[in-house]
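See structure below.
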Amino acid sequence: MTVSRPQPLLSVADLHTWIATDSGPVRAVDGVTLEVAAGEAVGLVGESGSGKSMLAKTVMGLLPDRAGTSGSVLLDGVDVLTASEKVRQSMLGPKVAMVFQDAGRALNPVVRIGRQITEGMVRHLGISGSEARERAVALLTEVGVPDPRRRLSNYPFQLSGGMRQRIMIAIALACEPDLLIADEPTTALDVTVQRQILDLLDRVRTTRGMGLVLISHDLGLVAGRTDRVAVMYAGRMVEEGPTDAVFDSPQHRYTEALLASTPSLDAPRARRMRVIEGALPDPRRPPEGCRFAPRCGAADAACGVPGADVLRDGVLGHRHACVHPVPLSGVGVPAGALAPADETRS
Amino acid sequence: MLLFAAKRIVRALLVILFATFLVVALLSLAPGSLAVTLLGDAATPESIADLEAQLGIDKPLWSQYFGWLGDAVQGDFGTSLRTRQDVLDAVWERIPVTLELAFLALAIALLVSVPMALAAANRPGSLIDRVSTFLASVGLALPAFVVAPVLVYFLAVKAGVFPVSGWERVSEGAGENLRHALLPAIAVAIPEIAAFQRLLRTDLDSTLHEDFIHAARARGMSRKYVLWRHALRPSSFSLVTLAGISFGRLIGGTVIVEAVFSLPGLGSLIAGSISARDVITVQGAVAFIVITYVVINTLVDIGYGFLDPRVRRESVR
Amino acid sequence: MTIVDPGVAPPSLPSAGPKLPAPRERRSWLVALCAGWLGLVVLAAVLAPLLPLADYGAIAGPPRGKPELSLDGLLGYDVLGRSMLSRLIYGAQASLLVGVVSSLIAFVAGSFFGLLAGFLRGIVDTVVSFVTDTLLAFPPLVMLLALASVLRPSISTLIVSLSLLMTPTFTRLARANTMRWASREFVMAATNMGAGLPRLLSREVLPNVVPSVASYLPVVIAALIVAEGSLSFLGLGIPSPTPSWGGMIADGQDLISRFPNLVFVPAVTILLTVLALNIVGDRLRLRFGERGA
């Protein structure tokens, strides 16, 4: 008898997502593999333009018409890339739900809050409108919205930013999804409200045993709140592993640089804040090999070899895609590895 | 909100004053003496002076205008030179026909253009989109004087579904009335359908890129539902505005269709008065139409604020 | 360190795959077709006197004669037996002349007022905007009818009326565009360096405003051809015996049940011409209309 691993809730395999433009396809997600188990919290981190939001949009089927995909995205065993529109829609809500970055824009300004919460329940759970409203009141109470009954007949503009984000979360929870994707859920909020919202997400996740993908450009934000973290750069996955391991000993030069540029209290060691020089590569013509090489102090000719940025296995599932990984703490970088980045460029 | 409304109303009043001044001044624009033109060969110096006094055009423009204005605010838009009928009475007699035509045309235009635009915006670049958008382009190139005779040929002469011309009052039965009104209304509606479709299609396109549309789709709502429940309303503000303006424009703008179908509307009153050289009736009817048009546009402008709950904010709280 | 999964290396992008949507279709063939039709109409109108056609007023065949294989009879004959093709081509002359000349006058006048209002602001802007608003308070056809009631119908009075009708539209366009450009750094800089007003307007603002305003010309020409047709249809436009498309439809209207040709020929011509102008105009506006937006 073979011992089979439990099937992951979400399994993204060799996913490519690109957007057709007049000057060639923009390779937004370029060969990414990622798994999220039931009940697991995974952080997805990268600069804006790294492809993390496009990855989420691919899972949710929210790509623009000019987008193309290859690879597979299995959600509870069903490939959402090839599933019929009907099947896909039936999974959005009960299987997976999404919390958007800016609730001010993700809530329809001319539709009452009540309808926006209940419409999904009526469609997916087959319950009546009045029953859905009762559930909506309970949901709003759960996410800490005061006076929930009255809120149902409000329009979004009548509420504060923090309240709106709580309502977004209530909408996402409405059909009791197995997986919640939160795309920069606190970026649009005040600092004080940010922590409340993150704590709320934490709480509902644990009470419901939900899987969570927390997307952020801020490594510090996902630090204490996720089991595993995946780092993306220019459409590629560059490092992935248990959150503590990635934080304590980042292997990829990009992750290291990203950590150094994060002024976070959650970071394990006090690092001086640095800014990563240079800009993201042109997503229509990404460089061969490691895409971070042009900005990397440790890059050399080996980094430019096609396939240089495949993920390499490490201990405890800590994987990275670096030719010259950051040595373990205390060991300096070999002089030879510090060749000027220019040599690798044409 | 109230301040905004007050500003619009003051501006509308100023525009009405200046516009009616232009209408009155129009009479002095006529090349040569208007009286000579009106009297033709029978003109004698006495009869010319007589007519000029009667028209008031022997006085300076300012006093002409204030005289006209003084009468107008009392509901006196002058008396027809030919029929001796009070101009405002003539207008009231004709207005039901024009109003019905405008309402019917607008209803048809909205009923056709909204589904057309939704179908097109649902799948940009699809066959439906291209057909719908192409039909709209063709519709814009089909002015009333082109489309009305053609409609008469196919639907009245060939198919015999509708009468070729004429009008029946509602009092003679709603069915008969509708049978006579429908074909002219369709002719009026066709260019409007095209304009509405294009506007709504464009607005829908930008709405469909909004986050809240993605969010609704991410809730597993069907395309159709998202389109009707989430995209249509926030996209329809400029359409409602345009429909309001179109309605104002159709009061008096249905001249051609009224001529083709011999309908006793406001447009045919003006057209008839022009050929009869009845300048006073033209003047009064045009002034009436301009005032109506400005009033409707101002109402639309103010009403726009109440449509969008984001603008309505101040009045809610 | 071992490479565990070589398959993760990025494959060459399946850009040729069927899933990749093509960039938005340009449909340049349609625009070319439209431009071709417009060229043909203009050419026919300009070369009309040189063509071996019967005079538009001359009886060239049987009254209401069916189309036949001769140049004059290609589209049949009208009520009096005049050549439909000849009348159509001479009608194009009148329609195009009126439409194009009025549009150009309105364009020049509107640009002038709009430029001044948008650049000087203040009292000039207030006055220009108020007059513009007032003229726009007349429904287009009603304004034309009001003018027609006092002006003797002729080509020149028609041009005056139609340019007056469209000047407010161009004024608004030019004003909005000027205001956008006048706030740009380079114009501000030129102002600070003490450039004179005429120089500033002609060197800095005009070259940037004109293309986007001018891109509306085809659509306006189309609108004015329609307006002229409407007036001629009512007998208030181009006076007979000069043929015009609107007038031809009006003439044939009463006989449409037995001789639909008399209406269909000018109707289709107007449809195609206005459609072509609109399509070309849309393309031009797409290209120039949003400059600096």
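Residue numbers (this note's numbering), protein chains in the order written: chain A, 273 to 618; chain W, 133 to 449; chain P, 57 to 349. Even for Gly, the Cβ is constructed at its ideal location relative to N, Cα and C.
Query	Result
Reduced DSSP secondary structure (H/G/I, E/B, other) of Ala-570 of chain A	coil
Given 8 Å, three or more beta-carbon pairs between the stretch 221-233 of chain P and the stretch 184-202 of chain P	yes
CB-CB length for Thr-293 of chain A against Ala-300 of chain A, believed under 8 Å	Between Ala-300 of chain A and Thr-293 of chain A the Cβ distance is about 11 Å, and since that is not below 8 Å, they are no contact.
Counterpart residues of Pro-299 of chain P in DSSP-defined beta bridges	Bridge partners of Pro-299 of chain P: none, in fact.
Enclosing beta strand (DSSP E) for Gly-340 of chain A [first to last residue]	339-347
8 Å contact criterion, which Pro-428 of chain A and Arg-436 of chain A should meet: CB distance rounded	6 Å
Closer than 8 Å to chain W by CB, Ala-323 of chain P	yes
Where Asp-203 of chain W falls, given that 16 or more other Cβ within 10 Å makes a residue buried	exposed
CB contact check: Phe-136 of chain W to chain C, cutoff 8 Å	Chain labels in this structure do not include chain C; the protein chains are A, W and P.
Range of the contiguous alpha helix (DSSP H) that encloses Leu-280 of chain P	273-289
Beta-carbon proximity check, Ile-240 of chain W vs Leu-398 of chain W, cutoff 8 Å	no
Element boundaries [beta strand (DSSP E), containing Arg-299 of chain A]	298-308
Backbone CA spacing between Pro-79 of chain P and Leu-335 of chain A [nearest angstrom]	The predicted position of Pro-79 of chain P is uncertain, since its pLDDT is 40 and thus under 50; a value taken from the coordinates is nonetheless stated next. The straight-line gap from Cα to Cα measures roughly 16 Å.
Beta-ladder partner(s) of Tyr-505 of chain A, from DSSP	A:Arg-508
Completely contained alpha helix (DSSP H) runs for the stretch 309-357 of chain W, where each covers 4 or more residues	343-350
Backbone secondary structure at Arg-341 of chain P - three-state DSSP	helix
Distance between Tyr-505 of chain A and Val-395 of chain A (C-alpha atoms, nearest Å)	Looking at the sequence provided, one finds Arg at residue 395 of chain A rather than Val. Their Cα atoms are separated by approximately 38 Å.
CB contact check: Pro-457 of chain A to chain W, cutoff 8 Å	no
Contact test: Ala-593 of chain A Cβ vs the ligand SAH heavy atom, cutoff 7 Å	You won't find the ligand SAH in this model; it holds no ligand whatsoever.
Interface flag, Ala-157 of chain W vs chain P, CB-CB below 8 Å	no
Rounded separation between Ala-151 of chain W and Gln-415 of chain W - CA only	12 Å
Assigned secondary structure, Ala-551 of chain A (DSSP; H/G/I helix, E/B strand, else coil)	coil
Beta-carbon proximity of Leu-552 of chain A to Gly-323 of chain A, cut-off 8 Å	no
Rounded C-alpha distance that separates Asp-343 of chain W from Leu-486 of chain A	18 Å
For Ile-115 of chain P, the residue or residues it bridges with in DSSP	P:Arg-138
Nearest to Gln-149 of chain P (by Cα), restricted to the options P:Ile-312, P:Thr-329 and P:Glu-260	P:Thr-329
Within chain P, partners of Gly-416 of chain W - CB distance below 9 Å	In chain order: nothing, as chain P lies at least about 11 Å away.
Cα-Cα separation, Gly-137 of chain P to Ser-258 of chain P	54 Å
Interfacial residues, the stretch 313-347 of chain W to chain A, with Cβ spacing under 9 Å	His-341, Glu-342, Asp-343, Phe-344, Ile-345, His-346 and Ala-347
Distance CB(Val-284 of chain A)-CB(Val-314 of chain A) smaller than 8 Å	no
Neighbouring residues, chain W, relative to Leu-171 of chain P (Cβ below 8 Å)	What Leu-171 of chain P touches in chain W: nothing, since even the nearest Cβ is about 23 Å away.
The stretch 149-162 of chain P touching the stretch 283-292 of chain P, judged by at least three CB pairs closer than 8 Å	yes
Paired residues, beta bridge with Pro-514 of chain A - DSSP	A:Arg-500
Nonlocal neighbours in the same chain, by C-beta distance under 7 Å from Tyr-133 of chain P, ignoring five residues either side	Ala-116, Gly-117, Pro-118, Pro-119, Arg-120, Gly-121, Ser-139 and Met-140
Residues of the stretch 333-346 of chain P with Cβ closer than 7 Å to any Cβ of chain W, in chain order	Asn-334 and Ile-335
Selected residue, minimal CA-CA separation from Ala-495 of chain A, among A:Ile-385, A:Asp-474 and A:Met-509	A:Asp-474
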